[in-house]
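Okay, so the sequence shown: first residue is 10 according to the numbering used here, each after it adds one. For every residue, glycine included, the Cβ atom is placed at its ideal position computed from N, Cα and C.
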Amino acid sequence: MTPTYDKIHFKFKLNGNSYDIEDLKEVAYSLVKEGAPYEKVMGDFLMDWLDTKDHINVRTSGSTGQPKLMKVSKQAMVNSAIATGNYFNMEPGQKALLCLPTHYIAGKMMLVRAMVLGLELDFVDPSSQPVFDYGQVYDFSAMIPLQLKNTVDYIYNIKTLIIGGASIAQPLEDAIQGLDTKIYATYGMTETVSHVAVKAMNGEHKMKYFTVFPEVTISQDDRGCLIIDAPKVASERLVTNDVVKLHSDTEFELIGRLDNSINSGGVKLFPEQIEAKLASKIKERFIIASKPDETLGEKLILVLEGETNTIDKTVFEGLEKFEIPKEIYATPKFKETATGKIQRKGTLKLLGKDIVK
């Protein structure tokens with residue numbers, strides 16, 4: 010029998026304590042009234058989850074536009090939790106760590122997985138460098154890349170760790186090789202109620218491409234963008250703006266966002282691909298973007314996070330001629346979402362009106 014959103018698994022625990030629905034309502038109320046800011050948000054979500062409505066409102070991250078509220082089915086969230094539990098062989102009574110903010114779907118889903126699957130969930134302040142019990146073995150957790158980067162020396166006690174919110178840069182990918190922790194990049198969005206595909210990033214089962222969960226079907230439109238059919242978590246077929254290359258019925262390679270693509274002199278360029286080639290050579294955060302150009306239409310530029318736009322041009326060795334930035338800019342601090350993902354358009358606006366298309 011498929012679990013439903015109005016039930017809580019009898020093995021569910023929160024910070025070591027067992028709760029039924031009525032007890033959990035009191036905990037939620039207490040968090041809202043007396044908790045730290047991140048606990049108030051968690052309390053608000055729990056109160057919404059435990060009410061009689063069949064849906065909740067979830068705010069999108071705003072990485073590709075203005076954040077917005079979406080109505081999400083609670084049962085779809087339950088189905089997503091089950092899919093994740095099945096893929097990672099989760100069992101009731103296993104320990105999980107919540108160190109993501111519960112403003113957004115990824116953090117909310119950690120709570121839902123615990124309540125539905127019967128996990129013992131510990132939660133901590135969702136800072137960029139979360140501090141947790143390094144002596145406690147956790148079977149499962151989720152982080153954004155910045156948190157992984159800041160805690161890479163302390164995750165030895167986490168058996169399985171999923172990473173979302175942004176891509177894992179090459180230097181960080183290099184740093185996690187050899188770790189016992191099984192680390193997976195995830196692909197998903199609020200519309201798919203968290204992830205619908207994963208890619209193992211280290212270990213003997215490391216994957217080249219994202220693999221979708223069972224009962225998820227993928228295809229492409231005439232733009233080369235990914236189409237997702239996931240009836241258990243999304244009521245409608247989802248047409249994304251993510252350009253992909255399909256390698257099988259269940260595997261895809263993420264090329265880049267169509268929104269970010271650059272047409273420079275008739276050559277179509279995806280910033281994400283060029284950034285991947287430069288990731289191990291530039292220590293500062295950076296993005297590849299473009300500015301209007303009378304001859305090329307769009308001129309490729311490199312934007313550095315920092316005070317200077319000076320860079321050793323040898324970092325461009327290995328790039329194709331048309332992939333080499335024509336100009337270099339710098340801005341002290343990139344605009345980013347609450348999950349640490351760079352807001353490209355917002356960052357480019359910091360450079361002035363001559364840059365923004």
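Given residue i as reference, the closest of the options once Cα atoms are compared
i    : options                   : result
P46  : K308, I310, S244 and D134 : D134
D60  : A37, K42, S244 and E48    : A37
D183 : K215, T199, Y147 and L359 : K215
Q145 : Q103, V121 and V225       : Q103
S228 : E245, K217, S244 and E260 : E260
V121 : K335, S150, V253 and A288 : S150
E336 : P12, K300 and Y143        : K300
M56  : I30, V248, K80 and P101   : I30
L126 : T11, M198, V67 and T201   : T11
L247 : V207, E200 and E129       : E200
K292 : E329, Q179 and G44        : Q179
A288 : L255, L278, F325 and K42  : F325
G6   : S136, Q282, S27 and T220  : Here the chain covers residues 10 to 366 and nothing more, so residue 6 does not appear.
N66  : E35, V207, Y113 and P101  : Y113
N26  : L106, D131, I237 and E43  : D131
K290 : T249, T323 and M152       : T323
K34  : W58, V50 and A298         : W58
N166 : E48, I172, T340 and F141  : F141
E316 : I296, L170 and P341       : P341
V253 : P240, S244, A239 and Q282 : Q282
K3   : I164, A209 and A123       : Residue 3 is absent from the model: the chain starts at 10 and stops at 366.
Spatial neighbours of residue i in its chain, beta-carbon cut-off 6 Å, leaving aside the 5 residues before and after
i    : result
A92  : F222
M148 : Looking at the sequence itself, residue 148 is Asp, so the reference to Met does not match. Counting only Cβ-Cβ distances below 6 Å, and skipping sequence neighbours, we find Q103, K104 and K168.
F54  : T111 and K117
N269 : P280
E129 : K22 and K104
M86  : V121 and V202
I171 : A151, Y193 and T195
E332 : I283
Q186 : N211
Contacting residues, own chain, Cβ-Cβ under 8 Å from residue i (five flanking each side not counted)
i    : result
D63  : Y14, S82, K83 and Q84
Y338 : I310, L311, V312, L313, N318, L360 and I364
S39  : G52
R294 : L313, E314, F343 and I351
Same chain only: Cβ atoms within 7 Å of residue i, ignoring 5 sequence neighbours per side
i    : result
P139 : C108, V133, Q156 and T160
E345 : I351 and Q352
D251 : C234, L235, L263 and R266
G327 : K286
D302 : K308
S89  : M118, V202, S203 and V242
K80  : H64 and N66
A115 : L109, A151, G173, G174 and S203
A298 : P280, I310, V312, R353 and L357
I177 : P154, A194 and M210
Residue i classed as buried or exposed, judged by whether at least 16 other C-beta atoms fall within 10 angstroms
i    : result
G174 : buried
N211 : buried
D162 : exposed
K77  : exposed
R232 : exposed
Y196 : buried
Y143 : exposed
D258 : exposed
N374 : Examination of residue 374 is not possible in this model, given that the chain is present from 10 through 366 alone.
D230 : exposed
P334 : buried
D32  : exposed
D321 : exposed
T356 : buried
F219 : buried
E284 : buried
F19  : exposed
T226 : exposed
G154 : Before going further, note that residue 154 is Pro rather than Gly in the sequence given. Its Cβ being crowded by 16 or more others within 10 Å, P154 is buried.
K277 : exposed
K217 : exposed
K330 : exposed
K42  : exposed
Any non-hydrogen atom of the ligand COA within 7 Å of residue i CB
i   : result
K77 : Of the ligands one can find in the structure shown there are none, so the ligand COA has no counterpart to examine.
Chain D within 8 Å of residue i, Cβ atoms only
i   : result
D29 : Here chain D cannot be found, since the structure has a single protein chain.
Pairs of beta-carbons, one from the segment 189 to 206 and one from the segment 88 to 101, closer than 8 Å: are there three or more? yes
Between the segment 265 to 279 and the segment 293 to 310, do three or more beta carbon pairs fall short of 8 Å? yes
Alpha helix (DSSP H) runs wholly inside the segment 122 to 159, at least 4 long, in chain order: none
For the segment 319 to 358, which segments carrying the alpha helix (DSSP H) assignment without a break, of at least 4 residues, lie completely within its bounds, in sequence order? 353 to 358
Contained beta strand (DSSP E) runs [length at least 3] in the segment 157 to 218, N- to C-terminal order: 167 to 172, 191 to 198 and 203 to 209
In chain order, which beta strand (DSSP E) runs of at least 3 residues are fully inside the segment 60 to 122? 64 to 68, 78 to 82 and 104 to 107
Whole runs of the beta strand (DSSP E) within the segment 219 to 295, excluding any shorter than 3 residues: 219 to 221, 226 to 229, 234 to 238, 247 to 255, 260 to 266, 271 to 273 and 276 to 278
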